[in-house]
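Q: First to last, the sequence lines map onto chains A and B.
Read in order, the letters of the first sequence correspond to residues 162 to 507 in the numbering used here.
Read in order, the letters of the second sequence correspond to residues 15 to 291 in the numbering used here.
We put the beta carbon where it would ideally sit given N, CA and C, even for glycine.
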Amino acid sequence: MSSPQGVAVDLANITKSYGGQLALNALNLSAQPGEFVALLGPSGCGKTTALRSIAGLETIDSGTISINGEDVTDRPTNKRDMGMVFQSYSLFPHLTAGENVEFGLRMRKVGAVERRKKAAAALVMVGLDSHVERYAHELSGGQQQRVALARALVTEPRVLLLDEPLSALDAKVRVQLREEIRRIQTQLGITTFFVTHDQEEALAVADRVAVMQAGNIEQIGTPEDLYRHPETPFVAEFIGLSNRLDGVVSAGEVDVLGYRLPLVHAATADGPVRVLLRPEDVELASEGLPGTVISSSFLGSLRRTNVLLSDDTTMVAVQHTVRENPQPGEHVFLALSGTAVSVVPR
Amino acid sequence: MSAPVNRTGIAPSKLVRRLILGVVGVFFAIPILSMIEFTLRAGLAGGYTFSHWTGLFDPANASKYQVVYTGLGNSLLLAVVTVAIVLLVLLPTMVLVQLKFPALRRVLEFICIIPITVPAIVLVVGLAPVYSVVAKIFGSSVWTLAFAYGITVLPYAYRTIQSNLGAIDVNTLSEAARSLGASWMAVFWRVLIPNLRRGIMAASFISVAVVLGEFTIASLLSRQNLQTAILLMSQSDPYVAIIIALLALAFVFLLLLVIGRIGAGGKSQRKRNRTKS
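#1: Is B:VAL139 near B:ARG237, with beta carbons less than 8 Å apart?
#2: So is B:HIS66 buried or exposed if we call it buried at 16+ other beta carbons inside 10 Å?
#3: By DSSP, does A:GLY265 sit in helix, in strand, or in coil?
#4: Do A:ARG269 and A:THR316 have their beta-carbon atoms positioned less than 8 Å apart in this structure?
#5: Pull out every residue of the region 252-270 of chain A whose Cβ sits closer than 7 Å to any Cβ of chain B, in chain order.
#6: Are the region 241-257 of chain B and the region 83-103 of chain B touching, with three or more C-beta to C-beta distances below 8 Å?
#7: How long is the line joining the alpha carbons of B:SER177 and B:ILE214, rounded to whole angstroms?
#8: Closer than 8 Å, CB to CB, is B:ILE182 near chain A or not?
#9: Can a CB atom of chain B be found closer than 8 Å to the CB of A:LEU463?
#10: Please tell me whether A:GLU196 and A:ASP368 are closer than 8 Å, where the distance is taken between their beta carbons.
#11: Examine chain B for any beta-carbon lying closer than 8 Å to the beta-carbon of A:ALA216, and answer yes or no.
#12: Mind pulling the chain A residues with CB within less than 9 Å of B:SER197?
#13: Report the rounded CA-to-CA distance for A:HIS426 versus A:VAL415, giving the unit in angstroms.
#14: Pull up the DSSP beta-bridge partners for A:ASP171, would you.
#15: Kindly provide the ranges of any alpha helix (DSSP H) runs that are 4 or more residues long and lie completely inside the region 65-118 of chain B, ordered along the chain.
#16: Report the residues of the region 198-213 of chain B with a CB closer than 7 Å to any CB of chain A, ordered along the chain.
#17: Please report the straight-line C-alpha distance between A:ASP331 and A:GLN304, rounded to a whole angstrom.
#18: Tell me whether B:PHE219 is buried or exposed, calling it buried when 16 or more other Cβ atoms sit within 10 Å of its Cβ.
#19: Under a CB-based cut-off of 8 Å, is A:SER249 close to chain B?
#20: Going by beta carbon distance, what residues of the same chain come within less than 6 Å of A:VAL271, once the five residues before and after it are set aside?
#21: Against chain B, does A:MET243 count as a neighbour if the rule is that its beta carbon must be under 8 Å from one of theirs?
#22: Would you kindly work out how many angstroms separate the C-alpha atoms of B:LEU105 and A:HIS255, rounded to a whole number?
#23: Let me make sure I understand the geometry here. Which of B:LYS78, B:ILE182, B:LEU226, B:LEU168 has the alpha-carbon closest to that of B:ALA264?
#24: Check whether the Cβ atoms of A:PRO194 and A:THR352 lie closer than 8 Å to each other.
#25: Is the closest heavy atom of the ligand HEM to the C-beta of A:VAL443 under 7 Å?
#26: Can you tell me whether A:ALA412 is buried or exposed? The criterion is at least 16 other CB atoms within 10 Å of its CB, across all chains shown.
#27: Compute the distance between the beta-carbons of A:LEU201 and A:ASN189, then report whether it is under 8 Å.
#28: Is there a Cβ of chain A sitting closer than 8 Å to that of B:GLU189, yes or no?
#29: I'd like the list of long-range same chain contacts for B:THR174, defined as Cβ closer than 7 Å, with 5 residues on each side in sequence excluded.
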């Protein structure tokens with residue numbers, strides 16, 4: 162398959178409502194050519210509606226959708242030249258994997274020989290060239306989604322739309338397939354929108370992540386930006402795990418657990434706040450805040466330990482290496498690394 | 015292996031099940047066997063003969079049995095037109111409702127089920143004035159009866175197509191096809207129809223079965239079909255009337271067997287899909 166040139170996609174002031182309920186509220190979103198943008202948010206935030214609007218599967222109430230500056234708002238789905246992979250397995254049950262992949266080419270009236278050649282190449286790309294004669298019911302969930310991906314890409318669409326394509330798969334296959342999607346996307350340089358409610362998935366694969374809430378984008382940025390510099394309380398709480406601790410802001414810093422920490426947003430007004438402290442910004446130390454280990458969870462490459470501080474009310478989660486293995490009931494000391502923290506109103 | 019027990023704990027034993035099956039079988043078999051026995055009777059002289067059966071297919075008797083052939087021809091024509099109505103009107107409507115107007119699904123279901131609750135005689139009372147208009151537009155050819163039959167087969171055709179529609183994710187398949195560049199016509203022909211094949215076949219066969227067995231509407235609207243022909247024939251040659259009735263029964267039984275096979279195919283296919291996922 163040749164590598165299509167990525168296109169710029171712009172959504173301007175998109176509004177969509179269902180029976181008076183706003184699903185998209187003046188949504189603005191842009192993707193650069195070849196960019197991988199993840200739409201992340203809780204259920205009902207409008208991320209799937211946004212994706213379906215780009216595909217033309219939803220008619221928007223107002224706003225414009227353009228590709229490379231060309232307005233495609235009123236263009237029907239089948240004329241938008243986009244590939245889409247759906248959450249539920251969407252392979253045509255009456256066709257084999259090969260025929261499924263050929264479907265889009267057939268719709269474009271590509272000759273039989275060329276069609277078969279391209280479909281075979283697409284199946285090679287997703288590692289399923291030996292499954293060309295199999296029907297959907299003869300494939301596992303992961304294989305079906307791979308075929309769906311090949312089917313979406315074989316027509317060399319201008320934009321690839323992925324609507325939670327991994328959510329029905331088991332954990333191991335999810336990780337494998339998301340890495341494969343990223344590899345293929347990078348290889349082809351195709352502009353991609355990826356809807357997910359799994360923040361780990363979004364942070365792992367996307368160039369930029371748009372965190373959505375109530376039909377609009379709360380913040381869009383690189384995964385690191387979102388994690389380290391959340392701009393709103395919602396993003397701060399939604400992205401990653403945090404200890405929620407009482408603190409007091411003064412002079413651009415915050416006092417928490419006896420430490421004075423810099424703020425992600427130094428302009429925060431003085432007063433009592435809730436501090437969001439990442440578990441990895443707390444360390445097990447030889448001295449510092451005394452506490453008792455309540456529980457400790459092995460997470461593979463790291464371990465997370467819950468420590469009840471000596472005031473007997475504050476619980477702090479600490480993330481550390483697996484070499485350290487504190488046992489429940491053990492007395493430990495905690496130290497804060499001094500990294501800038503986010504705060505939300507108390 | 016323990017015997018299966020239902021939720022109430024009163025599952026019939028194997029013996030009782032066989033007994034029930036036997037009684038029901040006898041209930042259905044006695045009239046049919048009696049009909050067969052009747053068609054083999056030689057007449058008042060006693061004894062048995064195949065002459066009534068062979069006579070029916072003897073070209074020399076063609077004019078004698080013309081009424082039956084005409085009735086059969088009319089019924090087959092009516093079956094074809096009725097199936098066409100089901101496929102051209104009901105099927106696209108159901109697909110449209112499923113894809114675009116899901117809120118209307120209950121309304122459509124209610125409308126399609128109504129005919130089963132209305133006795134044919136009541137239906138005819140309502141249809142009589144309608145047919146005076148139909149006759150003005152389309153003439154009084156026998157095929158126009160198919161409009162009425164299109165209504166009487168609605169409950170059966172709806173149920174069979176709906177069970178197939180419910181078994182596939184029509185919306186996602188349509189959206190997937192659209193996103194791949196398919197027009198609505200291509201979605202319908204290349205994606206939906208092949209996946210609704212079982213429902214369409216079953217609806218068609220059951221419509222044929224209903225049309226071949228219909229008597230009341232044709233009789234009261236003074237049209238001739240297979241059933242009215244059998245009645246007419248029975249007045250001059252009761253043996254042939256019963257033979258035709260038996261053949262019609264056998265044909266419908268065959269259709270029902272095919273429908274059963276189609277349904278079983280669909281179930282095993284879904285089971286395979288579930289096993290995979």
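A: Taking the structure as given:
#1: Not in contact: B:VAL139 and B:ARG237 (Cβ atoms no closer than 8 Å).
#2: Here B:HIS66 is buried, its C-beta having at least 16 other C-beta atoms within 10 Å.
#3: A:GLY265 carries a helical assignment under DSSP once its states are collapsed to helix, strand and coil.
#4: Yes, the Cβ-Cβ distance between A:THR316 and A:ARG269 is below 8 Å.
#5: Those residues of the region 252-270 of chain A that come within reach of chain B (Cβ to Cβ, closer than 7 Å) are PHE253, PRO254, HIS255, PHE264, GLY265, MET268, ARG269.
#6: Yes, the region 241-257 of chain B is in contact with the region 83-103 of chain B.
#7: In this model, B:SER177 and B:ILE214 are separated by some 11 Å (Cα to Cα).
#8: It does: the Cβ of B:ILE182 has a partner Cβ on chain A nearer than 8 Å.
#9: No, A:LEU463 does not count as interfacial toward chain B.
#10: Yes, the pair counts as a contact, with Cβ atoms nearer than the cut-off.
#11: It does: the Cβ of A:ALA216 has a partner Cβ on chain B nearer than 8 Å.
#12: By Cβ distance, chain A contributes PRO237, ASN239, MET268.
#13: Each residue's alpha carbon lies about 11 Å from the other.
#14: According to DSSP, A:ASP171 bridges with A:SER191, A:SER227.
#15: With a minimum length of 4 residues, the unbroken runs of alpha helix (DSSP H) contained wholly in the region 65-118 of chain B fall at 65-70, 80-99, 105-113.
#16: Listed in sequence order: ALA200, VAL205, PRO208, ASN209.
#17: The straight-line gap from Cα to Cα measures roughly 12 Å.
#18: Here B:PHE219 is buried, its C-beta having at least 16 other C-beta atoms within 10 Å.
#19: Using beta-carbon distances, A:SER249 counts as an interface residue toward chain B, with a partner under 8 Å.
#20: Nothing listed; no residue qualifies.
#21: Chain B, which has a Cβ nearer than 8 Å to the Cβ of A:MET243, makes this yes.
#22: Their Cα atoms are separated by approximately 19 Å.
#23: When C-alpha distances from B:ALA264 are compared across B:LYS78, B:ILE182, B:LEU226, B:LEU168, the shortest belongs to B:LEU226.
#24: Cβ atoms of A:PRO194 and A:THR352: closer than 8 Å.
#25: Among the ligands in the structure shown, none appear at all, so the ligand HEM cannot be discussed.
#26: It is exposed - the Cβ of A:ALA412 has fewer than 16 other Cβ atoms within 10 Å.
#27: With contacts defined by Cβ atoms closer than 8 Å, A:LEU201 and A:ASN189 do not form a contacting pair.
#28: Closer than 8 Å to some Cβ of chain A, the Cβ of B:GLU189 qualifies, so yes.
#29: Contacts found: GLY213, ALA216, ALA217, ILE220.
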